[in-house]
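Reviewing the structure listed below.
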Amino acid sequence: MLVLGVVCLVALPLAAAAAPPDFEKEVWPIFRRKCFSCHNATLKQNGLRLDDGPSALEGGYSGPVILPGKSAESKLIHRVITEKAEERMPKMGAPLTPAEVATLRSWIDGGAQWTRKSAAGATPKSTHWAFQPVAKPAPPAVKNAAWARNPVDHFVLARLEKEKIAPSPEAARTTLIRRLSFDLTGLPPTPAEVRAFLEDKRPDAYEHLVDRLLASPHFGERWARHWLDLARYADSDGYEKDNERPIAWRWRDWVIEALNRDMPFDRFTVEQLAGDLLPAPSQPQLIATGFQRNTLTNREGGTDPKESRFEQLVNRTNTAGTVWLGLTVGCAQCHDHKYDPISQKEYYSLFAFFDRSEEIDIEAPLPGERGPHLRHLAAYQESRQHLIEIFNIKPLQRAWEQQMIYTLDHPGANIEWDFAIANTRPMFDRFEATVRTPPGERSEYDEDRLMRRFVSSPGPDDGRDPYFMASIREFRRRLAALDAQLPRITRAPAMMEIPNPPQTRLAVKGDYREAGIPVEPGALAVLPPLPEGPRNRLTFARWLVSRDNPLTARVTVNRIWQELWGRGLVLTSEDFGTQGEAPTHPELLDWLASEFMDQGWRLKQVIRTIVTSAAYRQSSHARPDLKDIDPGNTLLARQSRMRLPAESIRDAALSAAGLLNDSIGGPSVKPPQPAGIAELVYAGSAKWKEDEGPGRYRRGLYVHFQRTAPYPMLMNFDAPDSNVACSRRRRSNSPLQALNLLNDPVFFEAAQAFAYRLVTTAPAEQRIDEAFLHALGRLPSETERARVRQLLDEQSTTLAGRPGEAAGLFAIEPRQAAWVTAARVLLNLDEFMTRE
41 MLVLGVVCLV ALPLAAAAAP PDFEKEVWPI FRRKCFSCHN ATLKQNGLRL
91 DDGPSALEGG YSGPVILPGK SAESKLIHRV ITEKAEERMP KMGAPLTPAE
141 VATLRSWIDG GAQWTRKSAA GATPKSTHWA FQPVAKPAPP AVKNAAWARN
191 PVDHFVLARL EKEKIAPSPE AARTTLIRRL SFDLTGLPPT PAEVRAFLED
241 KRPDAYEHLV DRLLASPHFG ERWARHWLDL ARYADSDGYE KDNERPIAWR
291 WRDWVIEALN RDMPFDRFTV EQLAGDLLPA PSQPQLIATG FQRNTLTNRE
341 GGTDPKESRF EQLVNRTNTA GTVWLGLTVG CAQCHDHKYD PISQKEYYSL
391 FAFFDRSEEI DIEAPLPGER GPHLRHLAAY QESRQHLIEI FNIKPLQRAW
441 EQQMIYTLDH PGANIEWDFA IANTRPMFDR FEATVRTPPG ERSEYDEDRL
491 MRRFVSSPGP DDGRDPYFMA SIREFRRRLA ALDAQLPRIT RAPAMMEIPN
541 PPQTRLAVKG DYREAGIPVE PGALAVLPPL PEGPRNRLTF ARWLVSRDNP
591 LTARVTVNRI WQELWGRGLV LTSEDFGTQG EAPTHPELLD WLASEFMDQG
641 WRLKQVIRTI VTSAAYRQSS HARPDLKDID PGNTLLARQS RMRLPAESIR
691 DAALSAAGLL NDSIGGPSVK PPQPAGIAEL VYAGSAKWKE DEGPGRYRRG
741 LYVHFQRTAP YPMLMNFDAP DSNVACSRRR RSNSPLQALN LLNDPVFFEA
791 AQAFAYRLVT TAPAEQRIDE AFLHALGRLP SETERARVRQ LLDEQSTTLA
841 GRPGEAAGLF AIEPRQAAWV TAARVLLNLD EFMTRE
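For reference, each letter of the sequence shown is one residue, going 41 to 876 in this note's numbering.
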């Protein structure tokens, strides 16, 4: 027995000191069989690599998974033995056997020595075309050099000659002026403008027309519409409450003005992403940051402010990725991108740029507002302070603040105060940060907002002194009366950097509640590094528009081409990644991108180059010889024929009728819409009070866009929903569109006004010609004249027997009333709503 005991005592330390398993022969095969399919250099699921020693020990987005010497605490062991199906690894295939688990435990407890040579190193750059540097190719030589008007034509013609296809002839001059007018201003040419162009015999008459339209104040409106699609602009918050945003239009007007001034696109980018970080930023530069305020905002009671903020930051990150990089970066929110070289960690590095800023509304007086406001301000402040003192508001407010802070720190202690907090947060941005800031350190604006929130919602009425509640109500009434006497200053939504920003953390599986490893603001590894400077939005914006960035210039000129041809040189203008389409003319794309940067990032210069090319000026008529060879017109052997955007269809009808109010800028308007639409807003927050007078006939760009109940005409003609960035609008055809043009109140009023215009301004024998010029920008053929006369005759006969109907169409004479029907027909023609 003694011998046996001695043997046992000697054997115990020998067993404890047993050598760990051989890594190459025992551990590495387990990793290779069970882990490499998801945790390799390419996929790196959850940021974890198990094919490389340093990477494996560093861990993934949720932190280290291997703790040398501590297998019981290592996440790797936990994930291979857990019985929870959603957590167990590997996700696919058979689980590890008990022997394999024991091998891993023993290896980790033995120090997790990685004896295989490390494969770590710089990840090779992607060979995908879009990530390569932009190089400016020389325009290729072509056989038919006389056809080419500028370098664009050399690239287009070289491809056509390679395919043995001839370009189409130049379009008729009436087509060219209508095409240019819609493409550059979004408006049809007037009959006077058509006649002037037809009569202009100068050899450069077309170029003069281009320059006039580029200089038009309506240029900014037309091109702002595309930018607003990208920026997901709307006049309401979205979500359940969908409250209106009465000052959102200030940013929209900034965009119009910037485009009209041909602000260089690099500056256009910097001011919208980081105008507040520029040295001594001006008021317009602060308004420019309103780009970031176009995210949806959830103001429903009981929302989690952390979740709401997280969703807004995700939206801003995804939007920046789409707008400037043309990448689907949002696919990396929950895991590494499946197809593009974007890791989840890199996604949150982009996210971190926006995580360091917060929303703020700034004073941005319109012309004429500042003077009256200042003249009355001193008297107002004196009366307001007197009112606050006699009602003893500040001590009461401080007590309310302390109760709010206590409730924030002790949720559940008083359910009624919990509800008060829940109802306050959605209505008061940055409420918690403001209420926790000592009164002496708050801005005047924040202190005023907090006071007003207190008197509007002083807490639950749980049997408190009736005198107190009556006093608060009386103070509210008298403050409102005093406020009404002070001339107001219009405000604008903006952004500002947080003085002490939070530490950004990766959200494991994209869940804001699961904070992973800390991340710092940074760029995508597949692209050039960030320039020198602080890691903030300003550095990020300058990185986006650096000449070294291969994406921004390509993405931008591709969208310009898309707007002028109906499709981009890269069809998937929202996705330049590996799952997007390859460019049909890669050399032309790079030449335009290089030229764009060489010309100082000037949008108008690129647009002018494209529209003055012979390729752009081609006829859009379908060609039988291209039917099978190039049905999608990717070779550019003709121009594209495409339906006008929703806003331009409305604008064209109002223009033909002489109703269009073409004033620029200002608050959004509410034209007539079918009854009951506004009531569809769930919380009943949308009050659609129809504008009267000229306001109801403003351009479609200015129509109020309510996210949960958008203007029906715009949606029928495929306007985007404004929830996410829209890089290209879809085009559908449905019966609703024809019914819209026939029966919508605005279009019926337009038909009446169009008819009245023709009857009262044109001699009877010229009315048909004038009608065609106003609606279609050309004169009718003899066949068309005869058909319109026939329609007028038939309608005159019909209405002669129905005098009541004729009177309802504005006229007492049947022939005049018949013109309303003719006008409705013209405004419903395919040619009317099509850009040839």
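Just so it is clear, CB atoms sit at the ideal spot from N, CA and C, and this is done for glycine as well. Computed from a predicted structure; not experimentally measured.
Going by DSSP in three states, leucine 336 sits in which element: helix, strand or coil?
Here residue 336 refers to the residue found at position 296 when the sequence shown is read from its first residue. Here leucine 336 sits in coil by DSSP.
Distance, Cα to Cα, alanine 211 vs alanine 314?
To locate residue 211, count along the sequence shown from 1; it is residue 171. To locate residue 314, count along the sequence shown from 1; it is residue 274. Each residue's alpha carbon lies about 44 Å from the other.
Check the DSSP bridge columns for threonine 874 and list the partner residues they point to.
Here residue 874 refers to the residue found at position 834 of the sequence shown. Paired residue(s): Arg683.
Do arginine 333 and alanine 534 have their beta-carbon atoms positioned less than 9 Å apart in this structure?
Taking the sequence shown and counting its residues from 1, the one referred to as residue 534 is at position 494. Taking the sequence shown and counting its residues from 1, the one referred to as residue 333 is at position 293. Yes, the pair counts as a contact, with Cβ atoms nearer than the cut-off.
Once DSSP output is grouped into helix, strand and coil, what is the label at proline 558?
Numbered from its first residue, the sequence shown carries residue 558 at position 518. Residue state, collapsed to three classes: strand.
Supposed contact pair phenylalanine 350 and tyrosine 552 - C-beta distance, whole angstroms, cut 8 Å
In the sequence shown, residue 552 corresponds to position 512, counting from 1. In the sequence shown, residue 350 corresponds to position 310, counting from 1. In this structure tyrosine 552 touches phenylalanine 350 by the C-beta definition: roughly 4 Å separates them, less than 8 Å.
Straight-line Cα distance separating leucine 317 from proline 574
Against the sequence shown, residue 574 aligns to sequence position 534. Against the sequence shown, residue 317 aligns to sequence position 277. Answer to the nearest angstrom: the Cα atoms are 11 Å apart.
Decide if arginine 72 is buried, meaning its Cβ has at least 16 other Cβ atoms within 10 Å, or exposed.
Start at 1 with the first residue of the sequence shown, and residue 72 comes out as number 32. Arginine 72 comes out exposed.
Range of the contiguous alpha helix (DSSP H) that encloses arginine 252:
The residue given as residue 252 occupies position 212 in the sequence shown. Residues 245-254.
Which whole-angstrom value describes the C-beta separation of glycine 562 and serine 383, a residue pair presumed to lie in contact below a C-beta threshold of 8 Å?
For the purposes of this step, residue 562 is identified with residue 522 of the sequence shown, where counting begins at 1. For the purposes of this step, residue 383 is identified with residue 343 of the sequence shown, where counting begins at 1. That pair is no contact at about 11 Å.
Look up phenylalanine 172 in the DSSP assignment and say whether it is helix, strand or coil.
Residue 172 sits at position 132 when you count from the first residue of the sequence shown. Note on residue identity: the sequence assigns glutamine, not phenylalanine, to residue 172. Coil, per DSSP.
I need the DSSP call for glutamate 853, collapsed to helix, strand or coil.
Position 813 of the sequence shown, counted from the start, is the residue given in the question as residue 853. Three-state DSSP puts glutamate 853 in coil, outside helix and strand.
Determine the extent of the alpha helix (DSSP H) in which serine 389 is found, giving its start and end residues.
In the sequence shown, residue 389 corresponds to position 349, counting from 1. Counting along the chain, the alpha helix (DSSP H) containing serine 389 begins and ends at 384-395.
Quick check: arginine 290 and isoleucine 327, are their CB atoms within less than 9 Å of each other?
Along the sequence shown, read from residue 1 onward, the residue named residue 290 stands at position 250. Along the sequence shown, read from residue 1 onward, the residue named residue 327 stands at position 287. A contact, by the Cβ cut-off of 9 Å.
Between the C-alpha atoms of arginine 738 and threonine 447, what's the straight-line distance to the nearest angstrom?
The sequence position of residue 738 within the sequence shown is 698, counting from 1. The sequence position of residue 447 within the sequence shown is 407, counting from 1. Roughly 49 Å separates the two Cα atoms.
Glycine 698 and serine 221 closer than 9 Å at C-beta
Position 658 of the sequence shown, counted from the start, is the residue given in the question as residue 698. Position 181 of the sequence shown, counted from the start, is the residue given in the question as residue 221. For the 9 Å CB-CB criterion, glycine 698 and serine 221 do not form a contact.
Is the separation between the beta-carbon of alanine 360 and that of valine 369 shorter than 9 Å?
Here residue 360 refers to the residue found at position 320 of the sequence shown. Here residue 369 refers to the residue found at position 329 of the sequence shown. Taking 9 Å as the Cβ cut-off, alanine 360 and valine 369 qualify as a contacting pair.
Alpha carbon to alpha carbon, how far is arginine 768 from serine 613? Give it in angstroms, no decimals.
Along the sequence shown, read from residue 1 onward, the residue named residue 613 stands at position 573. Along the sequence shown, read from residue 1 onward, the residue named residue 768 stands at position 728. Their Cα atoms are separated by approximately 7 Å.
Among Ile557, Ile512, Leu406, Glu399, which residue has its Cα nearest to the Cα of aspartate 884?
Lying before the first or after the last residue shown, residue 884 is absent from the chain, which here runs from 41 to 876.
Do alanine 288 and glycine 330 have their C-beta atoms within less than 9 Å of each other?
Counted from its first residue, the sequence shown places residue 288 at position 248. Counted from its first residue, the sequence shown places residue 330 at position 290. Yes, the Cβ-Cβ distance between alanine 288 and glycine 330 is below 9 Å.
What is the rounded straight-line gap between the Cα of threonine 337 and the Cα of aspartate 401?
Working through the sequence shown from its first residue, we reach residue 337 at position 297. Working through the sequence shown from its first residue, we reach residue 401 at position 361. Near 15 Å, if we compare the C-alpha coordinates of aspartate 401 and threonine 337.
Assigned exposure category for phenylalanine 171 - 16 Cβ within 10 Å defines buried
As a first step, residue 171 must be located in the sequence shown, where it is residue number 131. Buried is the call here.
Within 9 Å, strictly: CB atoms of serine 208 and serine 660
As a first step, residue 208 is located in the sequence shown; it is residue number 168 there, counting from the start. As a first step, residue 660 is located in the sequence shown; it is residue number 620 there, counting from the start. In this structure, serine 660 lies closer than 9 Å to serine 208 by Cβ.
Classify alanine 715 as helix, strand or coil using the three-state DSSP reduction.
By 1-based counting over the sequence shown, the position of residue 715 is 675. Reduced to three states, the DSSP call for alanine 715 is coil.
Measure the C-alpha to C-alpha separation of leucine 604 and aspartate 223 and round it to an integer number of angstroms.
Counting from one through the sequence shown, the residue named residue 604 turns up at place 564. Counting from one through the sequence shown, the residue named residue 223 turns up at place 183. Between the alpha carbons of leucine 604 and aspartate 223 lies a distance of about 6 Å.
State the CB to CB distance for the pair arginine 89 and isoleucine 117, rounded to an integer number of angstroms; the pair is presumed to be in contact (CB under 8 Å).
Start at 1 with the first residue of the sequence shown, and residue 89 comes out as number 49. Start at 1 with the first residue of the sequence shown, and residue 117 comes out as number 77. That pair is no contact at about 18 Å.
Express the C-alpha separation of glutamate 627 and proline 321 in angstroms, rounding to a whole number.
Along the sequence shown, one-based indexing puts residue 321 at 281. Along the sequence shown, one-based indexing puts residue 627 at 587. Going from the Cα of proline 321 to the Cα of glutamate 627 covers about 39 Å.
Which residue comes first and which comes last in the alpha helix (DSSP H) that contains leucine 132?
Taking the first residue of the sequence shown as position 1, residue 132 is located at position 92. Correcting the residue type first, residue 132 is methionine in the shown sequence and not leucine. No alpha helix (DSSP H) contains methionine 132, which DSSP labels as neither H nor E.
Cβ shell of valine 865 (< 6 Å), same chain only, five flanking positions each side left out
Locating residue 865 in the sequence shown gives position 825, counting from the first residue. Here the set comprises nothing.
Helix, strand or coil: how does DSSP classify alanine 520 here?
Along the sequence shown, read from residue 1 onward, the residue named residue 520 stands at position 480. Alanine 520 falls in the helix class under three-state DSSP.
Sorted by chain position, which residues of the same chain lie with C-beta nearer than 7 Å to proline 108's C-beta, five sequence neighbours on each side aside?
Along the sequence shown, read from residue 1 onward, the residue named residue 108 stands at position 68. Closer than 7 Å at Cβ, skipping near neighbours: Ile148, Gly151, Ala152.
Proximity to glutamate 340 [Cα-Cα], best of Gln323, Glu280, Gln352:
Translated into positions along the sequence shown, residue 340 becomes position 300. Comparing Cα-Cα distances from glutamate 340 to each of Gln323, Glu280, Gln352, the minimum goes to Glu280.
Using the rule of at least 16 other Cβ atoms within 10 Å of the residue's Cβ for burial, across every protein chain shown, is glutamine 640 buried or exposed?
Here residue 640 refers to the residue found at position 600 of the sequence shown. A small fix is needed here, since residue 640 is glycine in this sequence, not glutamine. It counts as exposed.
Using the rule of at least 16 other Cβ atoms within 10 Å of the residue's Cβ for burial, across every protein chain shown, is glutamine 437 buried or exposed?
Position 397 of the sequence shown, counting from 1, holds the residue named residue 437. Classification of glutamine 437: buried, given that the 10 Å Cβ count is 16 or more.
Would you report the Cα separation of leucine 782 and alanine 793, rounded to the nearest angstrom?
Along the sequence shown, read from residue 1 onward, the residue named residue 782 stands at position 742. Along the sequence shown, read from residue 1 onward, the residue named residue 793 stands at position 753. C-alpha separation (whole angstroms): 14 Å.
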